[in-house]
Amino acid sequence: SDHLNNPQQVGYIKNINDNPNWYDTPFKRLPEMYIYSIFHDENNVTWIGGSELIYRYDPDKDNLEYDSQYNTLIRKVTINQDSIIFSGTQHYDKTTKSYKQSGIPEIEFKNNTILFYFSAVEYSDKKNHKFQHYLVGYDKKWSSFSDISFKEYTNLPKGNYTFRVKAINTYGCESTEAFYQFVILTPWYSSILAYVIYVILFIVLFILTVKLNIKRLKAHNKHLEKLVKERTSEITQQKEEISTQAENLLKANEELEKLSIAVSKTDNAIVIMDAKGNFEWVNDGFTRLYNLTFDEFITKRGKNILDCSSNPNIKEELHKCIYEKETISYEFFYLTESNKKVWTQTTITPILDDKNEVIRLIAIDSDITDVKLAENEILQKNEEILAQKDELEKHRFHLEKLVKERTTDLEKAKEKAEESDRLKSSFLANMSHEIRTPMNAIVGFTNLLNDPEISPAQREELSKLVIHNSDTLLRLIDDIIDIAKLESGQLVIEKQNFDLNNLLVKKFKIFNENNQLINKGHLALKFNNKTNNEQFIIYSDPLRIQQILSNLINNALKYTDQGFVEFGYKPEVHHKKPVITFYVKDTGIGLSGEQQKIIFSRFTKVEDNKKKLYRGAGLGLAISKNIVELLGGNIWVESETGKGSVFYFTITL
Ligand code: ADP
């Protein structure tokens, strides 16, 4: 049956000291096994058959002392696995009934691995001992029983130890205890000296750390001090900057206050405009000057300066201010609501930003009405004074002119008187010469005519010369008479119809003959007769025309040595009137511009002493001029020195 499986439960009731008791001790040595059968035979022997063995139990022979005393011994103790420190030499103490140890070994800490070998000393059944051990000072309690007969401890700490061991046999009987005392010495690093050294080291380390720390702290402190200094100086500087800024601000503020007082109290109108001339702000002076508040002004006159300025040039002025960034200034008047004229002087200044762009315009208008009025008054006065001055000046000028005129008149009169005087004496001197020359010739040649020895040819020649000189004298006398007549206005023009061509052709013939007489035969005298000898009847004074032409042709011949003398006429219409223009052209000595001016005056004779002496009284051209004028015409000359002259004269019909 199942309960037989447990050998501990095999037993029987036995009277011990006359008391029935469960007795199982002899069966404790049975191994663990299945018990298949128990047989009690006739010999009082009990047989127990099991899976392992058959057990024979004879109660009569069961006299074993199951609880007899036996010992457990420590056989060997080794340290560090090889050195034996004990090999079973213990003595048995009878009083304690145990083996005693002789001396307690001291084991160095480094050898703190210890191995115990032990065994039980009993002769009954050695095999089935179980051991229990207890290291006092290390284990907390006894170990459980086991078959193992050794025990190792490793890494035991320092201290006093007692290794105790005991055995129990199959029948549950315990042996005596075996002891083994030993000491594990303190390790060097746990010794007092070591601790002292530790302390010292610690102190040294501590001091070092402290010192290092102090050093570090000092350095840090220094750094901090430096930082603090720097910061302090920075802060001081900042403080100074701030205080200067504050001062500047204060000054600026004061300045601003003053400015704001000035701006609000001034009688000038101040206007701030944007960059296009739109009003943004005006001061109180503006209202005082224009008698309108800002809002009233804007509603009545406009928001932009271009709309409300009465200056007609405002557009150009503003353009200059905005685009050329120039301050402009102009004066103009403004009509107030009550139609009063207020003169203002306006200055517009452009305000520029960093980029040189116009951001604002500031206009300042000052009332200059009083100044303007005073100025106008002064201007008016000035004008009056100027007018007076002008008048005076004119007067003075007039007087001066008068004086000058009178003076020149007087001078002229004086010069004239002197000139007449001079001319008169020169005329007289000249005249006496001019008269004497032909007179001498006439007288001389006439005397010669009386000479009986001269030939008839010579006589004729002489008489011709007498006639020529008489003619010259006669002409001179005629001239003088003419001049006298002209002076007294007695020269009469006798007009009649006559053939001009016939007259001129006759004249031409006479001249040609005369020419030979005055040794000018080599000079060609031409009559430019364009009318082909047809009759050209005109109504004029033929004698006077003849006289003028004679004068001019005579002069031309007189003042020409080589070349020709040509004369002619041309009927023309001047100013719707019929006119005849006569001309006498020569290739003679010519006249300078200066000479041309004077030759038509009385008694003027151009004298050039260095060259040839020309005879003449200087009357011919003066007489001709007078007669031409009486005939309703003009006389003039076109000439150049050395190249000849052309004398023209006209007569009106
Ligand atoms: P005169 O009797 O001296 O010729 P005129 O009155 O006829 O007086 O002329 C005045 C002057 O004008 C002359 O003295 C002469 O110098 C100058 N004159 C006149 N005709 C000519 C001419 N054809 N060529 C150059 N000079 C001339």
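Residue numbers (the numbering used here): 26 to 678. Heads up, the beta-carbon is just placed ideally off N, CA and C, and yes, glycines get one too.
### Query
Does the ligand ADP have a heavy atom nearer than 7 Å to the CB of K630?
yes
### Task
Return helix, strand or coil for K301, following the three-state DSSP convention.
coil
### Message
Measuring only the C-alpha atoms, how far is I339 from T394?
### Response
20 Å
### Query
Between P681 and I660, what straight-line distance do the alpha-carbon atoms span, to the nearest angstrom?
Only positions 26 to 678 of the chain appear in this structure, which leaves residue 681 out of reach.
### Task
Spatial neighbours of K397 within its chain, please: CB distance less than 8 Å, with the 5 preceding and 5 following residues excluded, ordered by chain position.
Hits under 8 Å: E356, F358 and W368.
### Task
Measure the beta-carbon distance from A388 to I330 and round it to whole angstroms, keeping in mind my assumption that it falls under 8 Å.
7 Å
### Query
Exposed or buried, what is F227 when buried is set at 16 or more other beta-carbons lying within 10 Å of its beta-carbon?
exposed
### Task
Evaluate G658 with the Cβ neighbour count: other Cβ atoms within 10 Å of its Cβ, from every protein chain shown; 16 or more gives buried, anything less gives exposed.
It counts as buried.
### Task
Classify P32 as buried or exposed, calling it buried when 16 or more other Cβ atoms lie within 10 Å of its own Cβ.
Only weak support exists for where P32 lies, its pLDDT of 49 falling under 50; the coordinates are left without a value.
### Task
State the Cα-Cα distance for the pair L386 and E349, rounded to the nearest angstrom.
13 Å
### Query
Who pairs with H158 in a beta bridge, going by DSSP?
V190
### Query
CB E147 to CB Y95, shorter than 8 Å?
In contact: E147 and Y95 (Cβ atoms closer than 8 Å).
### Task
Measure the CB-CB distance between F156 and Y186 and report whether it falls below 8 Å.
no
### Message
I'd like the span of the alpha helix (DSSP H) that includes Y223, first residue to last.
### Response
I217 to K290
### Query
Is any heavy atom of the ligand ADP found at a distance shorter than 7 Å from the C-beta of D611?
Relative to the ligand ADP, the beta carbon of D611 is positioned inside 7 Å of a heavy atom.
### Task
Helix, strand or coil for N88, going by three-state DSSP, please let me know.
coil
### Integer Cβ distance of Y584 from Y673, believed to fall under 8 Å
In fact, because the Cβ distance is near 17 Å, the residues do not count as touching under 8 Å.
### Task
Kindly indicate which residue of Y61, I139 and N69 has the alpha-carbon position closest to the one of Y163.
I139
### Query
E177 lies in the beta strand (DSSP E); which residues open and close that run?
F175 to Y178
### Message
Could you give the first and the last residue of the continuous alpha helix (DSSP H) run that contains D681?
### Response
Outside the modelled stretch of the chain, which goes from 26 to 678, sits residue 681, for which no answer is possible.
### Query
According to the neighbour-count rule (16 or more other Cβ atoms, all chains shown, within 10 Å of its Cβ), is H600 buried or exposed?
exposed
### Task
Indicate the three-state DSSP secondary structure (helix, strand or coil) for T675 in the structure shown.
strand
### Message
Can you determine whether any heavy atom of the ligand ADP sits closer than 7 Å to the C-beta of A647, and answer yes or no?
### Response
For the ligand ADP, a non-hydrogen atom lies closer than 7 Å to the CB of A647.
### Task
Spell out the partners DSSP gives R81 in its beta bridges.
W72
### Query
Which stretch, first to last residue, makes up the beta strand (DSSP E) that contains Y355?
Going by DSSP, Y355 is part of the beta strand (DSSP E) stretching over I353 to L360.
### Buried/exposed call for T433, threshold 16 Cβ in 10 Å
The residue in question, T433, is exposed, as its Cβ has fewer than 16 Cβ neighbours within 10 Å.
### Task
Sort N238, G618, T201 and E67 by Cα distance to T120 and report the nearest one.
T201
### Message
Tell me the DSSP secondary structure of S451 in three-state form.
### Response
helix
### Query
Three-state secondary structure (DSSP) at P463?
helix
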